[in-house]
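Counting from 47, one number per residue, gives the positions in the sequence shown under the numbering used here. Quick reminder that beta carbons are idealized off the backbone N, C-alpha and C, glycines included. Here the structure comes first, spelled out in structure tokens, and everything after it is commentary.
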Amino acid sequence: MKWPLAKLWQPHLNRWLDKRNPVQRQLFLNHRRIFIFPSRAGLAFLGMLATLLLLAINYQNNLIFALSFWLFSLLLVAILHSYRNIAGISLKAGAAEPVFAGQTAVFKLYVEASQRPRQQIYIGFLEQSELSFSLEADQLNYSRELQIHCATQHRGLLHPDRLQLRSYFPLGLLRCWSLSRLDWQCLVYPAPQAHRPLPLNAGTGGEMGQDLRGDSDEFSGFKAYQLGDPPRRIHWKALAKGQGLISRYFEQRESQQLMLDWADLAGLTVEQRLSTLCAWALQCDTAGVEFGLRLPKREIELGSGEAHLENVLAALALAEA
């Protein structure tokens, strides 16, 4: 939950971060990208340190002075180790497979570090789930693949929010963090929800009740020769082997072609139409039916197969409202 004041300064912070750290495909965490602030435990530690210092000044107690200075030096050392735990890490954006609206998009992230191990690092998109990781000594100079999750709500081309990397190592007194925006994108298909049943008898012209049946014959097996069978269907090799006259027989395979038309869904909203067309496309692909797509500004010819389905789903995802 964001405080009301946060909504006022958040746009200014975003503009400052965009100017300071532009979008990149790969980035290197250095002093320009790393920020260090006290954590809640760190604020309590500073309060205790201030109290001890006041007591030492008030009572002129050298032992309390020594304890205060020792604790302050411990904090300075923690700042150095906190920075070194994140500095030098390389982040590279990987690919993201398309998903349907409402599903979780998974972005691949390649993390690489050198020189020293890294401990207790949390990473994730802002206001999304995080994961923790460490880089041990045997993982240095090697890329480690992480999967960063991002919830989706709407179709289209998703550009995720800033990636937050943070750590409270080593003492939990400091929050060392970095906000970066990588050049990521993920195609989000419409949620497949059929608001109307699939028009199984829709022809390529978009008219209901028109079947388009192919004339292709499919080989089914052999049968004993009957008078009137065409010579081209006689199995001559079997005759040469002395097995008598045997004919091949074929069954005619009926095929149906569907044109999924935007105009057939009058009365529905734009998103309902796209969701219905998406569900219909998946049903046609499962049934092995050739199908095409007709949108107001684009038309995809009849086809089948995984590549054709992905082309149709991409057109639905990027369709103009």
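Legend entry - Where ARG221 falls: helix, strand or coil (DSSP): The answer is strand: DSSP assigns ARG221 an E or B state.
Legend entry - LEU225 vs ILE194 beta-carbon contact at 8 Å: In this structure, LEU225 lies away from ILE194, with their beta-carbon atoms at least 8 Å apart.
Legend entry - Span separating the alpha-carbon of ALA159 from that of ILE132: Approximately 9 Å, taken between the alpha carbons.
Legend entry - Assigned exposure category for VAL316 - 16 Cβ within 10 Å defines buried: Residue burial annotation: VAL316 is exposed, with fewer than 16 other C-beta atoms found within 10 angstroms of its C-beta.
Inset, instruction - Work out the CA separation of GLN318 and GLU356 for me, nearest whole Å. - result: So the two alpha carbons sit approximately 19 Å from each other.
Inset, instruction - Report buried or exposed for GLN303, applying the criterion of at least 16 other Cβ atoms within 10 angstroms of its Cβ. - result: Classification of GLN303: buried, given that the 10 Å Cβ count is 16 or more.
Inset, instruction - Identify every residue that forms a DSSP beta bridge with GLN210. - result: In the DSSP output, where bridge partners are listed per residue, GLN210 has GLY170 and LEU225.
Legend entry - Secondary structure, beta strand (DSSP E): runs of 3+ residues fully inside the segment 70-155: DSSP runs (the beta strand (DSSP E)) wholly in the segment 70-155: 72-74, 81-84 and 136-142.
Legend entry - C-alpha distance - ALA243 paired with VAL358, whole-angstrom precision: It is Pro, not Ala, that sits at residue 243 in the sequence shown. Rounded to the nearest whole angstrom, the CA to CA distance from PRO243 to VAL358 is 19 Å.
Inset, instruction - For MET305, count neighbouring C-beta atoms within 10 Å of its own C-beta (all shown protein chains included) and say buried if the count is 16 or more, exposed if not. - result: Classification for MET305: buried.
Inset, instruction - Please work out which residues of its chain come closer than 8 Å, Cβ to Cβ, to ARG190, disregarding the five sequence neighbours upstream and downstream, and give them in chain order. - result: Hits under 8 Å: TYR156, VAL157, GLU158, PHE179 and LEU181.
Legend entry - Span separating the alpha-carbon of ASN108 from that of ILE80: Rounded to the nearest whole angstrom, the CA to CA distance from ASN108 to ILE80 is 37 Å.
Inset, instruction - Check the DSSP bridge columns for VAL234 and list the partner residues they point to. - result: In DSSP, VAL234 forms a bridge with VAL145 and GLY202.
Legend entry - For THR198 and PRO342, the rounded distance between their alpha carbons: The straight-line gap separating the alpha-carbon atoms of PRO342 and THR198 is approximately 26 Å.
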